[in-house]
Amino acid sequence: STTPVKVAVTGAAGQIGYSLLFRIASGALLGPDTPVELRLLEITPALKALEGVVMELDDSAFPTLAGVEIGDDPNVIFDGASVALLVGARPRTKGMERGDLLEANGAIFTVQGKALNEHAADDIRITVTGNPANTNALIAKSNAPDIPAERFSALTRLDHNRALAQLAKRAGVHVTDLKKMTIWGNHSATQYPDIFHAEVAGKNAAELVASDAEGTAWLENEFIPTVQKRGAAIIEARGASSAASAAAATIDHTRDWLRGSADGDWLSMAVVSDGSYGVPEGLISSFPVTTKDGNWEIVQGLEINEFSRARIDASTAELGEERDAVRALNLLG
Ligand code: NAI
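Numbering (full-length UniProt numbering), first residue to last: 2 to 334.
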């Protein structure tokens with residue numbers, strides 16, 4: 002039998018973890034023929050709840066689940082991991098300033114970056130879902146000098162999927178009829194969902210749904226803000242933040258990174274900028290990417306109109322401010 006692939010998940014006893022673990026264990030991440038060993042990290046007070054989740058994993062009798070290890074020490078849990086899904090983060094609580102939030106998460110992602118650097122397998126791929134995802138990924142990357150920078154990514158696939166759902170509704174088609182959606186920038190309310198290169202059944206999406214005054218108004222006043230504020234709308238409706246869709250997107254992102262994007266299409270992933278499209282080098286920003294065999298490439302040569310330029314610049318400026326704030330806190334190694 003094949004050696005199991007070690008997949009580490011942090012924040013495993015949380016909301017997203019409760020959806021994510023069962024999908025990984027059932028083969029949704031690595032396929033039905035690859036045995037997986039889950040390595041689950043939590044903070045000490047959550048380990049008892051995590052034991053309950055492990056009981057449920059046992060009780061699911063998944064054919065592809067080879068083993069489960071749990072613990073509160075990243076140096077142990079990340080040992081030999083080929084995939085790390087960094088979901089656990091410190092949420093913003095009442096009265097917490099932005100600086101406090103960055104500092105609390107900095108404490109988590111510096112430690113985890115160092116532990117990955119020391120203990121992860123050579124083929125490690127890292128997806129950061131925990132917010133502020135882009136900047137947490139930057140902190141982890143900066144504290145893991147021996148891991149190539151391109152192995153770190155942050156999740157904007159949920160935003161990408163949300164944009165697909167909104168565009169499909171407007172165009173009266175199924176999401177499978179859509180291609181080449183792009184999310185640019187930060188996973189925050191400044192993110193820019195771009196339909197100018199997207200295709201609806203092979204036709205340009207912007208020309209199809211946003212060419213007249215009514216369409217332009219829809220794009221500016223409905224589509225973009227709906228995608229940007231979807232997280233808040235879910236909290237308002239559900240009384241809890243999006244979890245199952247975030248878990249599904251974490252799987253989509255990491256699976257497509259490992260197994261490759263479809264021909265004639267691309268994905269949105271936040272990855273380290275090489276300066277493409279005027280995004281300052283070194284920021285972890287969302288781009289249109291194609292993937293193959295665990296590597297990604299930023300799609301080149303797209304024409305960026307004035308409407309898009311201003312929005313990409315605004316979101317990447319926010320990322321620059323976040324980087325400056327964590328640098329001032331000495332979190333960048
Ligand atoms: P949750 O609060 O239910 O679970 C988070 C878990 O992380 C908790 O069980 C907590 O004990 C654990 N944790 C905290 N610090 C840890 C550490 N140092 N090591 C290991 N575990 C630790 O939160 P939920 O709903 O599961 O969300 C997780 C994160 O994902 C949040 O930061 C949330 O904002 C973010 N998120 C990101 C999305 C994206 O698209 N990028 C979408 C939705 C959520």
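A virtual CB, placed ideally from N, CA and C, is assigned to each residue, including glycine. Predicted model only: the values in this text are computed from it and were never measured.
Hey, out of the options, whose CA is closest to residue i's CA?
i: Pro5; options: Ala247, Leu66 and Asn187; result: Leu66
i: Lys204; options: Asp178, Ser189 and Gly107; result: Asp178
i: Thr255; options: Ser242, Ala233, Gly295 and Val280; result: Gly295
i: Ile313; options: Gly276, Thr111, Asp101 and Thr291; result: Gly276
i: Asp284; options: Val37, Ala150 and Ala116; result: With the sequence shown as reference, residue 284 is identified as Leu, and Asp is not the correct amino acid for it. Closest option to Leu284, Cα to Cα, is Ala150.
i: Gln167; options: Arg231, Gly100 and Ala244; result: Arg231
i: Gly279; options: Arg152, Lys115 and Arg310; result: Arg310
i: Ala134; options: Lys293, Asp73 and Val272; result: Val272
i: Leu209; options: Thr292, Glu237, Ala172 and Ser61; result: Ala172
i: Ser61; options: Glu38, Pro75, Ala26 and Ala234; result: Ala26
Answer yes or no: do residue i and residue j have a C-beta to C-beta separation smaller than 9 angstroms?
i: Asn144; j: Leu333; result: yes
i: Ser286; j: Trp219; result: no
i: Ser274; j: Leu268; result: no
i: Leu30; j: Ala9; result: no
i: residue 335; j: Ile127; result: Look at the range of the chain in this structure, 2 to 334, and you will see that residue 335 is not part of it.
i: Thr227; j: Ser316; result: no
i: Gln16; j: Ser242; result: yes
i: Leu22; j: Leu58; result: yes
i: residue 335; j: Leu320; result: Nothing about residue 335 can be read from this structure; the chain reaches only from 2 to 334.
i: Phe288; j: Thr183; result: yes
i: Ser246; j: Leu159; result: yes
i: Ala318; j: Gly18; result: no
i: Ile148; j: Asn106; result: no
i: Ala85; j: Thr35; result: no
i: Gly28; j: Pro64; result: yes
Excluding the 5 residues flanking residue i on each side, which residues of the same chain have their C-beta closer than 7 angstroms to its C-beta?
i: Val55; result: Val69 and Ile71
i: residue 1; result: Absent from the model: residue 1. The displayed extent of the chain is 2 to 334, so no value can be given.
i: Pro281; result: Ser274, Thr317 and Gly321
i: Thr45; result: Asp73
i: Ala116; result: Pro75, Asn76 and Phe79
Excluding the five sequence neighbours on either side, which residues of its own chain have a C-beta within less than 6 angstroms of the C-beta of residue i, listed in chain order?
i: Glu323; result: Thr136
i: Ala13; result: Leu41, Glu43 and Leu51
i: Asn132; result: Ala90
i: Asn162; result: Ala250
i: Phe110; result: Asn137, Ile140 and Ala141
i: Phe224; result: Gln167
To which residues does DSSP link residue i through a beta bridge?
i: Ala218; result: Bridge partners of Ala218: none, in fact.
i: Trp297; result: Thr292
i: Lys180; result: Glu200
i: Tyr278; result: Tyr278 is not bridged to any residue.
i: Gly68; result: Glu38
i: Val8; result: Leu39 and Val84
Using a Cβ-Cβ cut-off of 8 angstroms (strictly less than) and excluding sequence neighbours within five positions of residue i, which residues of its own chain qualify?
i: Glu200; result: Leu179, Lys180, Lys181 and Ala206
i: Ser154; result: Arg126, Ile127, Thr128, Val129, Ala138, His254, Trp258, Met270, Ala271, Val272, Ile285 and Trp297
Would a check of beta-carbon distances place residue i closer than 9 angstroms to chain B?
i: Leu159; result: Looking for chain B here will not work: only one protein chain is present.
With a threshold of 8 angstroms, establish whether the CB of residue i neighbours any heavy atom of the ligand NAD.
i: Ile44; result: Inclusion of the ligand NAD in the displayed structure is not the case, the ligand content consisting of the ligand NAI alone.
Stretch pair the region 187 to 198 + the region 305 to 320: three plus CB contacts closer than 8 angstroms: yes
Cβ pair count under 8 angstroms reaching 3, the region 134 to 151 against the region 211 to 230: no
At least three beta-carbon pairs within less than 8 angstroms, the region 88 to 104 to the region 220 to 227: no
Contact between the region 71 to 81 and the region 109 to 122 (3+ Cβ pairs under 8 angstroms): yes
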